[in-house]
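Notes to accompany the following structure.
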Amino acid sequence: MLTPMQPELKAVVRSFGLKPASGDPVFSHRGAVGSWSAAALVTGMGPDPARQAALRALASAPFDHVMVVGIAGGLDPALLIGSLIVPSRVQLYPDGPVRTSHPLGPRQAAGGLMTTDGLFDDEDVWKPILARGFGAVDMEAAGVAEACEADGVPWSVYRGISDRPDEHIVDQSVFGLSRPDGSADPVALAKYLARDPRRAKALAHLNRCMQTAAAVAADAARADLAAASA
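What follows is the structure in structure tokens.
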């Protein structure tokens with residue numbers, strides 16, 4: 001399981017029952033689900049860090065399947081906060097190759113996920129993405145898919161919707177509060193709240209949305225892995 005950020009890793013560790021992998025040079029946590037051995041790591045945010053992390057993971061040992069598990073921004077009006085998307089195709093914005101996913105178990109993948117290298121909160125950008133049939137956006141899936149396909153390893157994506165551009169929960173200033181691994185930048189956070197302490201309530205709401213979305217994705221991924229081992 002490849003998770004872009006630390007909060008998403010926590011959801012995977014909790015759902016899969018993973019334990020710290022002491023001394024492992026690649027994976028931070030390991031465990032088992034049914035007959036499957038499972039390992040997890042944080043890739044960092046962005047398509048290139050995700051691709052590089054996937055390449056390191058795939059070079060460390062043979063793997064049967066790779067899952068990208070975490071949160072995404074919803075574009076499709078039907079994808080409310082807390083919804084699950086397991087896309088059948090992903091693409092790197094704006095015109096990368098369209099790659100087809102292969103979920104485990106009885107899951108039928110559906111819909112499109114566009115991978116971007118940054119936050120797209122301008123409707124002049126995200127509305128055309130939706131019009132092309134991509135109901136959600138993330139920053140890592142296409143990078144992982146590229147690495148997996150180069151190595152001949154099937155992959156799938158599990159994303160919970162944590163925010164929507166039309167609800168204006170996340171903007172560039174909020175996006176800038178996180179380090180590459182998704183952990184909070186304390187200096188940036190202090191400056192952000194100093195300008196308006198009332199922003200703390202909005203950040204707390206966003207954190208709850210992210211936790212819910214990450215848990216939805218992790219639980220779905222674990223359920224499919226368990227079903228595939230039956």
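Residue numbering for the sequence shown follows our numbering, starting at 1 and increasing by one per position.
Ideal placement from N, C-alpha and C gives every residue a C-beta, glycine not left out.
Integer Cβ distance of residue i from residue j, believed to fall under 8 Å
i    : j    : result
W126 : L75  : 6 Å
D163 : L113 : The Cβ separation is near 15 Å, so there is no contact.
M1   : V42  : Their Cβ separation, rounded to whole angstroms, is 10 Å, which puts M1 and V42 out of contact at 8 Å.
H65  : L104 : 6 Å
A40  : S28  : 6 Å
G34  : S229 : 3 Å
R107 : D224 : 5 Å
D151 : L58  : 5 Å
E123 : P62  : E123 to P62, Cβ: 44 Å. No contact.
S88  : A110 : 6 Å
Run of the alpha helix (DSSP H) containing residue i, from where it starts to where it stops
i    : result
G143 : A141 to D151
Q52  : P47 to S60
A218 : R199 to S229
D124 : E123 to A131
Residues bridged to residue i (per DSSP)
i    : result
L84  : G160
M1   : Note: M1 sits in no beta bridge, so no partner.
W36  : V33
W155 : V66
S178 : A184
T100 : R89
P20  : H29
V12  : The partner list for V12 (beta bridge, DSSP) is empty, contrary to what the question assumes.
I71  : G160
V42  : T3
Boundaries (first-last residue) of the beta strand (DSSP E) holding residue i
i    : result
M114 : G112 to T115
V137 : F134 to D138
Pairwise C-alpha distance: residue j and residue i
i    : j    : result
E149 : Q91  : 13 Å
I71  : V137 : 9 Å
V13  : V157 : 17 Å
L55  : R198 : 42 Å
F16  : F134 : 29 Å
R51  : L193 : 34 Å
V68  : E167 : 25 Å
A131 : W155 : 25 Å
G31  : R159 : 21 Å
D121 : A188 : 20 Å
D181 : M210 : 14 Å
L177 : R99  : 31 Å
Interface flag, residue i vs chain B, CB-CB below 8 Å
i  : result
Q6 : Checking the listed chains, one finds no chain B in this structure; it contains a single protein chain.
Inset, instruction - Taking 8 Å as the threshold, find out whether the segment 133-148 comes into contact with the segment 45-58 through three or more Cβ pairs. - result: yes
Inset, instruction - Check whether the segment 8-23 touches the segment 213-228, taking contact to mean three or more Cβ pairs, one atom from each stretch, closer than 8 Å. - result: yes
Legend entry - Any 3 or more C-beta pairs closer than 8 Å across the segment 84-98 and the segment 167-175: no
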